[in-house]
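If you read the sequence shown in numbering that gives the first Met the number 0, its first letter stands for residue 0, the second for the next number, and so on. Note sheet for the following structure.
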Amino acid sequence: MAERTFTIHALAAELKAGSLTSQALCRRCLDSVAAKDGEIRAFLKVDAEKIMRLAAESDARRAAGKALSDYDGIPIGIKDNICVTGETCSCASKILEKVVSPYSATAVQKLVARGFIPFGRLNMDEFAMGSSCENSSFHPTANPLDTRRVPGGSSGGSAAAVAAGFLPAALGSDTGGSIRQPAAFCGIVGMKPTYGRVSRSGLVAFASSLDQIGPMTNDVTDAAILTGIISGKDPLDSTSLDEPVPDFAAAARKGAEAASLKGVKIGLPAEYFISGMEPGVEAAVKAAVEKVRAMGAETVELSMPHSKYAVAVYYILATAEASANLARFDGMRYGNRIEGGDLTETYFKSRGAGFGNEVKRRILLGTYVLSSGYYDAYYLRAQKVRTLIRRDFAKAFEQCDVLMTPVSPNVAFKFGAKSDPLQMYLSDIFTIALNISGNCGLSMPCGKDPATGMPVGIQFMAPHLAEEKLFEAAAAFGEVR
Ligand code: GLN
């Protein structure tokens, strides 16, 4: 289990004081990966030589008084669907197995400009489609807290790398819960920023209207620091928002210091407190509700009546967008190609061999819901319900400052436990609506399930661009491990 002190802010202080060098830190991370990742398998690739070269450069900068920021020399893991110049970006798919990024994602560029060292390529469900990391085309990743169990997904490698103590932080992506759910399964913090807060340039698109990059960390302050760094308008992503980026880290520090929720109105939507949750999850979430009340928050019971349609709406919109986005992977410009007798046959063969079953299922579903005759019945109708779900959130935030809900109805499950796709889809029931509405949300540990000893997560959600409020409340609440 990761130590609470393995945080970006604590490491920054050590680097500043001179009690730690980037080379010592990166060597320590590489050693623990070498010792334990054979069992966990969080990484698809780690280029140790390059990491140590970048660490030496960072130490030299710092020695010369030219550190790029307080964080210069700190390693950060990158999910395999986020581009880093010169590194492979396979999205854990065979079709992109050998593709090397010609540029870095804007989020990565912003981190590198502050001296962070991109550390390895982290495993995921193929093209971010899944909730367990079992859909990786290369190998599954194990939960470091119990290796018989999944780490969650799709950012399972990112969550496992942080929970195993390999790295202080990692970037993930969240289209329907892929940062928040694995964070909950592994007992760490996962943040999905407001849609448009973080540039999607250099993130391989799954469902463009839902995707966001966000950090996965050991505490809320680190999530706030990283979200602040990667946020902001980017000319390379027209959906990125031209809004000022407040000092999120200051908001988190303020919350942590106050350790009080006096004056905060916390909404509890009835649709998220349903029967069918595992008893250990229900108990931990109820305890969290009691805790916020004891900390002075006013809790408001409210209803978000269209929540029950969220999973259905998501699996129409996300598959429709994915079927269009993934059309570009045809073995022509990049990726694996299997030659056929003619162009069509080459497409069929390349895509047939390159994509795994879940990805194929989604492309088929997405093509179907967009096809003429079905477009109105499925896609158009789902867009309308999306509006209703958005309105639910807007109305809820008229009554409260933040919403508080479970992250997942269950703790990390055993490999193979959810072999029926529909069962897997249903496990996203509490995370998906937030992507549909575009609001920001964060998942953090709130206790343990006594039956399995696995962590339980709690989710805080806030209005558009209200990350400050979110970080302040979450840091005040404090991680319960
Ligand atoms: N589990 C969801 C899915 O399979 C969400 C994935 C994600 O957020 N990338 O689509």
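Glycine included, C-beta positions come from ideal geometry on N, C-alpha and C. No experiment lies behind these values; they were computed from the predicted model shown.
Where residue i sits in the DSSP three-state scheme
i      : result
Asp79  : coil
Glu133 : coil
Asp58  : helix
Arg147 : coil
Cys90  : coil
Thr298 : strand
Glu467 : helix
Asp391 : helix
Ile50  : helix
Lys261 : coil
Ala23  : helix
Thr447 : In the sequence as displayed, the identity of residue 447 is Lys instead of Thr. Three-state DSSP puts Lys447 in a strand.
Ala1   : Annotation note: pLDDT 40 at Ala1 (below 50); position unreliable, coordinate value reported separately. It is coil, neither helix nor strand.
Ile116 : strand
Met403 : strand
Pro454 : strand
Val98  : coil
Lys417 : coil
Leu10  : helix
Ser31  : helix
Leu369 : helix
Phe126 : helix
Ala461 : strand
Asn434 : helix
Val479 : strand
Lys65  : coil
Lys536 : Because the chain in this structure spans residues 0 to 480, residue 536 falls outside the shown range and cannot be described.
Leu240 : coil
Ser157 : helix
Asn409 : coil
Gly17  : coil
Phe247 : helix
Phe429 : coil
Gly353 : helix
Gly72  : coil
Gly551 : Outside the shown range of the chain, which is 0 to 480, sits residue 551, and nothing can be said about it.
Gly152 : coil
Gly254 : helix
Gly85  : coil
Cβ-Cβ distance between residue i and residue j below 8 Å
i      : j      : result
Ala248 : Thr220 : yes
Leu170 : Ile77  : yes
Gly355 : Gly330 : no
Ala317 : Ala206 : yes
Asp58  : Ala11  : no
Phe126 : Asp36  : no
Thr390 : Gly186 : Checking the sequence shown, residue 390 turns out to be Arg, not Thr. Against a cut-off of 8 Å, the Cβ pair of Gly186 and Arg390 comes out as no contact.
Ile536 : Ile229 : It is not possible to answer for residue 536, since the shown part of the chain is limited to 0 through 480.
Pro268 : Ser239 : no
Leu379 : Ser322 : no
Met423 : Ser130 : yes
Pro167 : Ile39  : no
Met443 : Gly452 : no
Val263 : Ala395 : no
Val107 : Gly201 : yes
Ala474 : Gly254 : yes
Ala250 : Phe470 : yes
Ala160 : Leu209 : no
Cys28  : Phe118 : yes
Ala530 : Ile315 : With the chain represented from 0 up to 480, any question about residue 530 goes unanswered, as that position is not in the structure.
Gln398 : Leu301 : yes
Glu199 : Gly189 : A small fix is needed here, since residue 199 is Arg in this sequence, not Glu. No, the Cβ-Cβ distance between Arg199 and Gly189 is not below 8 Å.
Thr146 : Asp233 : no
Val98  : Glu86  : no
Exposure label - residue i; buried when at least 16 CB within 10 Å
i      : result
Gly365 : buried
Lys191 : buried
Cys112 : Cys is not the amino acid found at residue 112; the sequence shown has Ala there. Classification of Ala112: exposed, given that the 10 Å Cβ count is below 16.
Asp79  : buried
Phe74  : Looking at the sequence itself, residue 74 is Pro, so the reference to Phe does not match. Burial call: buried.
Leu14  : buried
Met403 : buried
Gly64  : exposed
Pro150 : buried
Ser418 : exposed
Segments assigned alpha helix (DSSP H), at least 4 residues, entirely inside the region 162-221: 179-185
Whole beta strand (DSSP E) elements within the region 272-350, 3-residue minimum: 297-301
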